[in-house]
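First up is the structure itself, then whatever we jot down about it.
In the UniProt record's numbering, the protein residues as written are 1 to 292.
Here it is in structure tokens:
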């Protein structure tokens, strides 16, 4: 989050370079698989949560990820194998995760909509490697729902996840490090520090999804200005003092489009001292409401 804050102070230089560097690490074969998977997890989380990144820049990096995944399919191919193809699956999940947050804003801009529709995303996701069955069901389900509403591509009705947060296949590609559930820029758990992050941060409650109609969006703007499109692009927004979260709002933000466990906000004591959760590479899945 120190890095996130630094990027927010200089988005045109630091922000763009940070995201580009993460993409460079992911597509390079010079780095170990875990490093590449970590990089694309940081990238997906950053592109989804940073309000100061333009839709145009986000689309350019999405295209880079999709092109790499397509090349992987063409060169290696094969059938479902979460462990052998875990870098590929991490890339596919990153693409879907970003689009869960950004699809509507991209589709609302004709030029960017055309670029997104021209990406070979359907070819990648319907390949025999079958990333839709391997990636986190919670992410895939939200992505498919929005894709169907936006007519991004034809969505099969065979994907029924029953509100699953994870699956055996997603656990397999994530490995012991659970990189399948690693989204570094989930809402900041430190309330005072969050006052510096929040003005430049996209909460899931702020996102206009592809399946929400314009009438509902307009009514949301009338009720709460924090849900409007203008909030997504109005720079720093309100001052940190005005942005202070009460506990209910803070807890709510953690439960929406977040992989962070609820009980990581504080260590459980239960009469004895428990070892704190390891952060960030060993974030564990939530045991209560689903990620989305």
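Glycine residues also receive a C-beta, built at the ideal position from the N, C-alpha and C atoms.
Could you compute how far the alpha carbon of residue 33 sits from the alpha carbon of residue 86?
Approximately 8 angstroms between the Cα atoms of the pair.
Three-way DSSP call (helix, strand, coil) for residue 183 in this model:
Taken through DSSP and simplified to helix, strand or coil, residue 183 comes out as coil.
Can you tell me the Cα-Cα spacing of residue 237 and residue 51, whole angstroms?
Confidence is the limiting factor: at residue 237 the pLDDT is only 34, short of 50, which leaves the residue's position unreliable, though a coordinate-based value still follows. Computed Cα separation, rounded: 10 angstroms.
CA-CA distance, residue 153 and residue 176?
The alpha-carbon atoms of residue 153 and residue 176 are separated by roughly 33 angstroms.
CA-to-CA distance, residue 45 to residue 138, given in whole angstroms:
Each residue's Cα considered, the two are about 15 angstroms apart.
Using only CA atoms, which one of 61, 135 and 127 lies nearest to residue 89?
Of all alpha-carbon atoms in 61, 135 and 127, the one lying nearest the alpha-carbon of residue 89 is that of 135.
Going by the CB atoms, is the gap between residue 4 and residue 130 shorter than 9 angstroms?
Not closer than 9 angstroms, so no.
Is the stretch 113-126 in contact with the stretch 56-76, if contact means three or more CB pairs nearer than 8 angstroms?
Cβ pair count under 8 angstroms is three or more, so yes.
Pull up the distance between the alpha-carbon of residue 78 and that of residue 128, whole angstroms please.
Rounded to whole angstroms, the separation of the alpha carbons of residue 128 and residue 78 is 7 angstroms.
Contact check, residue 1 vs residue 193 under 8 angstroms by CB: the rounded distance?
For residue 1 against residue 193, the beta-carbon gap comes to about 7 angstroms, under 8 angstroms, which counts as contact.
Per DSSP, residue 201 is paired with what?
Per DSSP, 50.
Would a C-beta distance cut-off of 9 angstroms place residue 23 and residue 40 closer than the cut-off?
Contact: yes.
Going by alpha carbons, who is nearest to residue 182 out of 114, 21 and 42?
Taking only the C-alpha atoms, the option nearest residue 182 is 42.
In the DSSP assignment, find the alpha helix (DSSP H) that holds residue 117 and state where it starts and stops.
Following the DSSP letters along the chain, one finds residue 117 inside the alpha helix (DSSP H) bounded by residues 110-118.
Measure the Cβ-Cβ separation of residue 150 and residue 94 and say whether it is below 9 angstroms.
Result no, Cβ atoms of residue 150 and residue 94 do not sit closer than 9 angstroms.
Quick check on residue 24: does DSSP put it in helix, strand or coil?
In this structure, residue 24 counts as helix in the three-state DSSP scheme.
What span of residues does the alpha helix (DSSP H) with residue 77 cover, start to end?
Element bounds for residue 77: n/a, residue is neither H nor E.
Taking the C-alpha atoms as reference points, what is the distance between residue 190 and residue 101?
C-alpha separation (whole angstroms): 23 angstroms.
What number of angstroms, rounded off, separates the C-alpha of residue 99 from the C-alpha of residue 92?
Spanning the two alpha carbons is a distance of roughly 11 angstroms.
Can you tell me which of the three DSSP states residue 1 falls into?
In the three-state scheme derived from DSSP, where H, G and I count as helix and E and B as strand, residue 1 is classed as coil.
Is residue 123 helix, strand or coil when you go by DSSP?
Three-state result, residue 123: helix.
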